[in-house]
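Participant:
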Amino acid sequence: MLFWPLVIGAGVIWTLVMVIAAYAVRTTPVDPERTERLARSMVRWGGVALPTVVLAGLLTFGLIVLRDTTRGQGETVVEVDGEQWWWRVTYEGEDGPIRDANEIHLPAGQPVTFRLTSDDVIHSFWVPAIGGKMDMIPGRTNELTLTPTETGIWNGVCAEFCGDAHAQMLFKVVVTDPDEHAATLERLARPADVADDDPGLAVFQENGCGACHAIRGTPARGRVGPDLTHFASRTTLAAGIREITPSTLRRWIAAPEAIKPGADMPAYDDLTEADMSRLVDFLMRLE
Amino acid sequence: MIRLTLRWVHLAWAVGIAAILGFAFWLTAPYTISARAHHVPGFGWVLHSYLQNSVRNRTLLDRVPAHVDLDSDALKQLGAGHYASACALCHGAPGSPRNPVAREMNPAPTDLAHVDYSATELHWIGYNGFRYSGMPAWAGADRRDELWALAAFLEDYDTLDPEGYRQLAFGETAEQPPQSDESEGFGMPAGELELAESCMRCHGRDGQGRGGTAPVLAGQSQSYLRAALDAYADDARQSGYMEPVAAALDPAERDELARLFADMDGLDAALPEGDSRGARLAAEGDESHDIPACSGCHGSNRKEGWPIIAGQSERWIATWLRLWRETPHGALGQDDKMHAAARHLTDDDIEALAAYYSGGAAD
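Residue numbers (UniProt numbering), protein chains in the order written: chain S, 1 to 287; chain R, 1 to 363.
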């Protein structure tokens, strides 16, 4: 909404400045007193009055536009909780909250309200392609309503320095048409398709992964780290910084610190080769 | 009037002569280092009062932590137990005077019935030892927490009679020497039972830890106990109490002791019912404070060799959680995991978890 007025306004001001500059270069001052007077009135009108009026007008206009992004109630509500250094994503499902991480699925053409929180430090939620940017402040819930218009996968980042791995705190926004979106949410709401005696699940449990990670449909119900119920269906690993492949996953589990400095996840470098393979194979099946 | 002009060349001469004299002193060593020799009058007093000033000034700001109860029997028994095996040889004990060898040390080890140090001073001395004397520093690096037990015991030292001391230091093992029929009960040859007896002085004959004196070992995972002994012996887990004990054991003895205590009935008791902070942290952790669920690793599905916590002594659960909260260390290869688990715990969380896992009252 602001794009064209700003482009035109900038064009007008730029042209004006160039014309005056050209005039100032070519002219020869004859009357120093008159030049002095002219210069003063230039500063008064061009340097004080004009910016005051233009910027005040833009601010007013901007605040009116912004009001819609903070007051408007989207049809979809997504809770996004900033963590050092990943994103906890919760959708409102029909049968209770649907928990996911580091990837946000949105329907195209519908306003969506993000409820933004943090329980450690200040983060900032920003998806440049969709617009808006809002701080996530511990102890507060900030709301931001945006309307994604084009389908596709868009990049999101943390836009407020939040510690060692701030630059590795990324996420993806997947915008699909509303029907496909509904199917995605339905899939995310389902528990994982895992047999109770899955050998990979046994490795997951006996090594204590379930203390931090939940896999719905299994005894693993930790809440400290990302929910892994549909881990393998995500596009990225470790909050947007690696593709999910068996080899990146293996490296992440053995030494998270090597991929993301300061990551809270401890290294599982003591797993036997067989256990690691079973674990990676198991996680890659969590579609 | 004689004018004395000091020139640089005079200074150079003075330094040169002093260096030559110093070298000659070093080479000929006229001042004896014989332990038989006594200090020149007054010099001993200067040294000793300097030592006392040094201890006093370095403990001016020290306070006994709120969670340490110097009046508790558990602390006194642990302190006495260690004193009997590591300190009494030089310092003597109630009823047994200092060893003749120790009495010929110079400076001679102090008879601790005649000193007047505060608990914080005893704590400092135990951890730091004294340079230029036979008093060693504590074997457990960064385990300052362990010294409160010795301080608790030494505060009472001058009031103890020989029997009271034996009860503190040797517990049940003081009352009756092991009998052959008991040794059969443990399935060990009598010769090796003596070894187990020295563990039992602090860990109790039943492996229950003498009411918090030492951790409960009865029923613990055998491979965990074995790994812990190895870690103490290899300096991979710090403890001034356990390192000297474990280092003296050969592999067969470590196996035998681990099996002995693992086979006893003890840990893995039922945990208290009800909804307490401790129970919640154990089962679910705390998402908003990044505290993982303890049961994720220490529950019924725990990995072979990972320790059982249910039924452990309250004091020892809290002790180790406090250590892991500060640094990743001594968790037998799982240091980062225990630090990740404990680093966000508050003092109240630690108390709640210790109460819950020790089977104590739910709050």
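Where is the CB? At the ideal position from N, CA and C, for every residue including glycine.
It should be emphasised that the depicted structure is a prediction, and the values quoted were computed from it without experimental measurement.
1) Using a beta-carbon distance cut-off of less than 8 Å, what residues from the stretch 252-272 of chain S approach chain R?
2) In chain order, what are the residue ranges of uninterrupted alpha helix (DSSP H) at least 4 long that sit wholly in the stretch 115-189 of chain S?
3) Closer than 6 Å by C-beta to residue 298 of chain R: which residues in its own chain qualify, once you throw out the five before and the five after it? Chain order, please.
4) Counting contacts by CB-CB distance shorter than 8 Å, is residue 350 of chain R in contact with chain S?
5) Return helix, strand or coil for residue 105 of chain S, following the three-state DSSP convention.
6) Is residue 78 of chain R near residue 149 of chain R, with beta carbons less than 8 Å apart?
7) Taking the alpha-carbon positions, what's the residue 91 of chain S to residue 181 of chain S distance?
8) Any beta carbon of chain S sitting closer than 8 Å to that of residue 226 of chain R?
9) Closer than 8 Å, Cβ to any Cβ of chain R: which residues of the stretch 203-214 of chain S, in chain order?
10) Leaving out the 5 sequence neighbours to the left and right, which residues in its chain are closer than 6 Å to residue 204 of chain R when beta-carbon positions are compared?
11) If you check the beta carbons only, do residue 70 of chain R and residue 163 of chain R fall under 8 Å apart?
12) Whose C-beta lies closer than 6 Å to the C-beta of residue 352 of chain R among residues of the same chain, with five residues either side of it excluded?
13) Under the DSSP definition of a beta bridge, which residues are partnered with residue 99 of chain S?
14) Say yes only if the C-beta of residue 343 of chain R is nearer than 7 Å to one or more non-hydrogen atoms of the ligand SAH, and no if none qualify.
15) Is it true that the CB of residue 51 of chain R sits closer than 8 Å to the CB of residue 130 of chain R?
16) Is it right to say residue 253 of chain S is buried, meaning 16 or more other beta carbons lie within 10 angstroms of its own, or is it exposed?
17) Rounding to the nearest angstrom, what Cα-Cα distance links residue 286 of chain R and residue 342 of chain R in this structure?
18) Mapping DSSP to helix, strand and coil, what is residue 265 of chain R?
19) Count the other C-beta atoms from every protein chain shown that fall within 10 angstroms of the C-beta of residue 33 of chain R, then say buried if there are 16 or more, exposed otherwise.
20) Using the Cβ count rule (16 or more neighbours within 10 Å means buried), how would you classify residue 205 of chain S?
21) Which residue comes first and which comes last in the beta strand (DSSP E) that contains residue 83 of chain S?
22) On the three-pair Cβ rule with 8 Å, is the stretch 324-343 of chain R touching the stretch 248-262 of chain R?
23) Excluding the 5 residues flanking residue 144 of chain R on each side, which residues of the same chain have their C-beta closer than 6 Å to its C-beta?
24) Going by DSSP, which residues form a beta bridge with residue 237 of chain S?
25) Can you tell which of R:18, R:322, R:284, R:311 has the C-alpha that lies nearest to the C-alpha of residue 269 of chain R?
26) What's the C-alpha gap between residue 237 of chain R and residue 333 of chain R?
27) Among the residues of its own chain, which have a CB less than 6 Å from the CB of residue 62 of chain R, if the five just before and after it don't count?
28) Which first and last residues belong to the alpha helix (DSSP H) in which residue 281 of chain R is found?
29) Let me make sure I understand the geometry here. Which of S:242, S:103, S:44 has the alpha-carbon closest to that of residue 153 of chain S?
30) In the DSSP output, which residue or residues are listed as bridge partners for residue 112 of chain S?
31) Only counting the same chain, and skipping five residues up and downstream in sequence, which positions put a Cβ closer than 7 Å to that of residue 207 of chain R?
32) Need the endpoints of the alpha helix (DSSP H) that residue 351 of chain R sits in, please.
33) Is the beta carbon of residue 199 of chain S sitting closer than 8 Å to the one on residue 217 of chain S?
34) Does any C-beta atom of chain R lie closer than 8 Å to the C-beta of residue 74 of chain S?
35) If the cut-off is 8 Å on Cβ atoms, which residues from the stretch 112-138 of chain S count as contacting chain R, listed in chain order?
36) Answer with buried or exposed for residue 54 of chain R, where buried requires no fewer than 16 other C-beta atoms within 10 angstroms of its C-beta.
Facilitator: Here's the rundown:
1) 264, 265, 266, 267, 270
2) 178-189
3) 309
4) no
5) strand
6) yes
7) 12 Å
8) no
9) 205, 206, 207, 208, 209, 210, 211, 212
10) 210
11) no
12) 277, 278
13) S:90
14) Inclusion of the ligand SAH in the displayed structure is not the case, the ligand content being empty and no account of it being possible.
15) yes
16) buried
17) 11 Å
18) coil
19) exposed
20) buried
21) 76-83
22) no
23) 127
24) S:242
25) R:311
26) 10 Å
27) 120
28) 277-284
29) S:103
30) S:76, S:146
31) 216, 217, 218, 261, 264, 266
32) 347-357
33) no
34) no
35) 119, 120
36) exposed
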